[in-house]
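Asks: Protein sequences, first through last, are from chains A and B. Going by the numbering used here, the letters in the first sequence line up with residues 22 to 132, in that order. Going by the numbering used here, the letters in the second sequence line up with residues 1319 to 1438, in that order.
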Amino acid sequence: SQKIEQNSEALNIQEGKTATLTCNYTNYSPAYLQWYRQDPGRGPVFLLLIRENEKEKRKERLKVTFDTTLKQSLFHITASQPADSATYLCALGYGGGKLIFGQGTELSVKP
Amino acid sequence: GAVVSQHPSRVICKSGTSVKIECRSLDFQATTMFWYRQFPKQSLMLMATSNEGSKATYEQGVEKDKFLINHASLTLSTLTVTSAHPEDSSFYICSARDRATGGPLYNEQFFGPGTRLTVL
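#1: Please state if the CB of Ala112 (chain A) and the CB of Gln55 (chain A) are separated by a distance shorter than 9 angstroms.
#2: Would you report the Cα separation of Arg58 (chain A) and Leu68 (chain A), rounded to the nearest angstrom?
#3: Does the CB of Leu70 (chain A) have a neighbour CB from chain B at under 9 angstroms?
#4: For Ala100 (chain A) and Glu77 (chain A), I'd like the C-alpha separation in whole angstroms.
#5: So Cys1427 (chain B) packs on Ser1413 (chain B), CB below 8 angstroms; how close in whole Å?
#6: According to DSSP, what are the bridge partners of Ala31 (chain A)?
#7: What does the alpha-carbon distance come out to for the pair Ser129 (chain A) and Gly1371 (chain B)?
#8: Decide yes or no for the touch test of the segment 1334–1341 of chain B against the segment 120–127 of chain A: beta carbon pairs closer than 8 angstroms, at least 3 of them.
#9: Can you name the start and end residues of the beta strand (DSSP E) that His1389 (chain B) belongs to?
#10: Pairs of beta-carbons, one from the segment 1387–1397 of chain B and one from the segment 1350–1361 of chain B, closer than 8 angstroms: are there three or more?
#11: How far does the beta strand (DSSP E) with Ala1348 (chain B) in it extend, from its first residue to its last?
#12: With a 10 Å radius around its C-beta and 16 neighbouring C-beta atoms as the bar for buried, classify Asp1416 (chain B) as buried or exposed.
#13: Quick check on the burial criterion: 16 or more other C-beta atoms within 10 angstroms. Buried or exposed for Ala104 (chain A)?
#14: Determine the chain B residues that contact Phe122 (chain A) at a beta-carbon separation under 7 angstroms, and present them in chain order.
#15: Which residues mark the beginning and the end of the beta strand (DSSP E) in which Asn142 (chain A) is found?
#16: Report the rounded CA-to-CA distance for Val1321 (chain B) versus Glu81 (chain A), giving the unit in angstroms.
#17: Using a beta-carbon distance cut-off of less than 8 angstroms, what residues from the segment 47–71 of chain A approach chain B?
#18: Apply the 10 Å Cβ neighbour rule to Thr1436 (chain B) and answer buried if 16 or more other Cβ atoms are within range, or exposed otherwise.
#19: Assuming Gly123 (chain A) contacts Ile25 (chain A) under a Cβ cut-off of 8 angstroms, what Cβ separation, rounded to an integer in Å, is found between them?
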């Protein structure tokens, strides 16, 4: 069956450390993968997109990797700050813009 | 740029009534808009894909007669929940793709702030 799994538990880290979130999937072949941030009661906000032929993408303190052999994406936030606390969603992308979302990982950064 | 708005942000209605939710792209034209539903502590579930000027494409298990979608212009799509029942209570979120940005496969999507529907 098709499945997308993110870190099953909430992630608690200390300010200044690197947060690493995982997204694993089975029985999907996405053309690209996206990461979003969602705050409580709000819509998701786009962070990064990585295509199937790309290994790594960076944007400021964010880094995402994409391994289509392992069917896994890792999302890193370096020098984390309390303002980074939110739920992070990975989404598999297909032609036509269709996105299939994981259940999200709640990140809490403590000062 | 790339702002998507939704109206209303919150609605409470009685069982059996219909509710219309609007999704607007404020500063870009969106050929495609998407409607999602999110239950508490769960992921976003795609309900339907809405293309301007044509009928929406619904995901498996989503009743097209219950969730009416209209995409009459490049900046507006509406979702009408007909004869709403308590089990339809959820967070409804739309997203839009910018017509002008890049190729069809890799456009990022811009999400609205969501509409909280509570059916009593």
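All residues carry an ideal CB built from backbone N, CA and C; glycine is no exception. Source: prediction; values computed, not measured.
Replies: From the atom records:
#1: yes
#2: 7 angstroms
#3: yes
#4: 18 angstroms
#5: Checking the sequence, you will find Gln at residue 1427 (chain B) rather than Cys. Going by Cβ atoms, the distance from Gln1427 (chain B) to Ser1413 (chain B) rounds to 4 angstroms, so yes, they are a contact pair.
#6: Looking at the DSSP assignment, Ala31 (chain A) forms no beta bridge with any residue, so it has no partner.
#7: 43 angstroms
#8: no
#9: 1385–1391
#10: yes
#11: 1348–1356
#12: buried
#13: exposed
#14: Ser1361, Leu1362
#15: No answer is possible for residue 142 (chain A): the residues shown for chain A start at 22 and end at 132.
#16: 22 angstroms
#17: Ala52, Tyr53, Gln55, Tyr57, Gly62, Arg63, Gly64, Pro65, Val66, Phe67, Leu70
#18: exposed
#19: 4 angstroms
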